[in-house]
Structures are given as C-alpha cells and as structure tokens.
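Residue numbers for the sequence shown follow the working numbering, so the first one is 11 and each next one is one higher. First comes the structure, then the notes that go with it.
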Amino acid sequence: MAISKSINVEELLQRYAAGERDFSEINIEGSDELYRANLSGINLSNSSVGEIFMEGSNLSGANLRGTQLGQTCLRDTNLRGADLTGADLRHANLDGADLTEAKLVNTCLRNVVMRGANLTDADLTGSEIEFIREMVKDSIFCRTIMPDGSIYDRTI
C-alpha cells in the first residue's frame with residue numbers, strides 16, 4: 011500500500027461535504043472522531059483509518075478495498091454494499107454493524123467483535139476469520155458466503 015498523504019478528520023469532512031469522494035491512499039491522522047458521519051459512497055481504498063471512532067456512521071456503498079481498519083470502532087455502522095476486499099479489520103468492533111451485501115473477499119477478520127451484526131448476502135470468500143462464538147453472538151449469517159465458498163444460513 012502506498013499512502014500518498016495524511017489528512018485530518020475535519021479536512022476529510024469538509025472535502026466530502028464539498029462533493030469530493032475519492033480519498034484513496036490517504037492516512038487519516040489524529041484521534042478525531044467520525045461519529046455518525048455520513049460518508050456513503052466514499053472511496054478510502056488502500057487507506058489507513060485505524061483506531062478512528064466511526065460509530066453509527068454511514069459507509070454504505072463505500073470502497074474500502076485494501077483499507078487498514080484495524081482497531082477501528084465501527085459499531086452500528088451502515089456498511090451495506092461496501093467493498094472491503096482485502097481490508098484489514100483485525101480487532102475492529104463491528105457490533106450491530108449492517109454488512110448486508112458487503113464484499114469481504116480476502117479480508118482479515120481476526121479477533122473481530124461483531125455481536126448483533128447483519129451479514130445477510132455478504133461474501134467472505136477467502137477471508138481470514140478467527141471468530142470466538144461469544145464475539146459474534148446474535149449475528150445474522152443469512153445466505154452468507156463463507157471463506158470456503160459454502161453458504162451459511164443462520165443466526166449465531
């Protein structure tokens with residue numbers, strides 16, 4: 011991954027509000043929060059967004075391919091239809107996240123917390139998963155494509 015520049019959360023939000031959507035290969039720095047931010051359709055591919063607080067944000071349809079999201083709080087975040095192919099979500103908090111129709115192909119999901127998450131029609135093909143049953147309690151896996159290509163259809 012070749013991060014081209016760093017920006018802070020305030021600059022990201024101002025540029026997004028002005029209509030810009032392509033923020034690929036950036037590093038979002040600082041400890042600022044993106045709590046309940048509307049970033050639908052944003053392109054953060056190959057970016058570093060680790061350890062940012064994004065609870066309740068709207069990232070529906072976002073391009074998060076190859077993005078570093080490790081230790082990010084994505085609790086109750088809308089990730090419907092987002093492309094997280096090859097993303098690193100190690101130690102992220104996805105409690106209550108909506109991952110309906112999300113593409114999580116070859117994604118690192120080691121030690122992810124996702125109680126009550128919705129993975130209906132999500133694609134986890136080839137992903138690196140290390141789930142502890144208690145950490146995915148009450149999550150919906152309906153027609154979810156698992157790492158081995160099998161279809162999983164139940165609530166855990």
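The beta-carbon is built from N, C-alpha and C at its ideal position, and this holds for glycine as well.
**Q.** Proximity test, Cβ basis, 7 Å: N37 and chain B
**A.** Of the protein chains in this structure there is only one, and it is not chain B.
Q. Which residues does DSSP pair with R120 in a beta bridge?
A. Along the sequence shown, one-based indexing puts residue 120 at 110. Within the DSSP secondary-structure output, R120 pairs in a beta bridge with E140.
Q. Going by Cα to Cα distance, which pick from N56, Q81, E61 and G60 is closest to N73?
A. Along the sequence shown, read from residue 1 onward, the residue named residue 73 stands at position 63. Across the set N56, Q81, E61 and G60, the C-alpha of N56 shows the shortest separation from the C-alpha of N73.
Q | A107 classed as buried or exposed, judged by whether at least 16 other C-beta atoms fall within 10 angstroms | A | Your numbering for residue 107 matches position 97 in the sequence shown. A107 comes out buried.
Q.
Does Q78 pass the burial test, meaning 16 or more other C-beta atoms within 10 Å, or should it be called exposed?
A. Indexing the sequence shown from 1 puts residue 78 at position 68. Taking every protein chain shown into account, the CB of Q78 has 16 or more other CB atoms within 10 angstroms, so this residue is buried.
Q) What are the boundary residues of the beta strand (DSSP E) that Y162 is part of? A) Along the sequence shown, read from residue 1 onward, the residue named residue 162 stands at position 152. Run containing Y162: I161 to T165, per the beta strand (DSSP E) assignment.
Q | Length of the line joining the Cα atoms of T165 and A28 | A | Indexing the sequence shown from 1 puts residue 165 at position 155. Indexing the sequence shown from 1 puts residue 28 at position 18. Between the C-alpha atoms of T165 and A28 there is a straight-line separation of about 40 Å.
Q: Could you name the residues that DSSP lists as bridge partners for Q78?
A: Along the sequence shown, one-based indexing puts residue 78 at 68. Bridge partners of Q78: S58 and D98.
**Q.** Residue range of the unbroken alpha helix (DSSP H) whose run includes R153
**A.** Translated into the one-based positions of the sequence shown, residue 153 becomes position 143. Where R153 is concerned, there is no enclosing alpha helix (DSSP H), although the beta strand (DSSP E) it sits in stretches over I150 to I155.
Q) What residues match up with E39 in a beta bridge as DSSP calls it? A) The residue labelled residue 39 in the question sits at position 29 within the sequence shown. Paired residue(s): N18.
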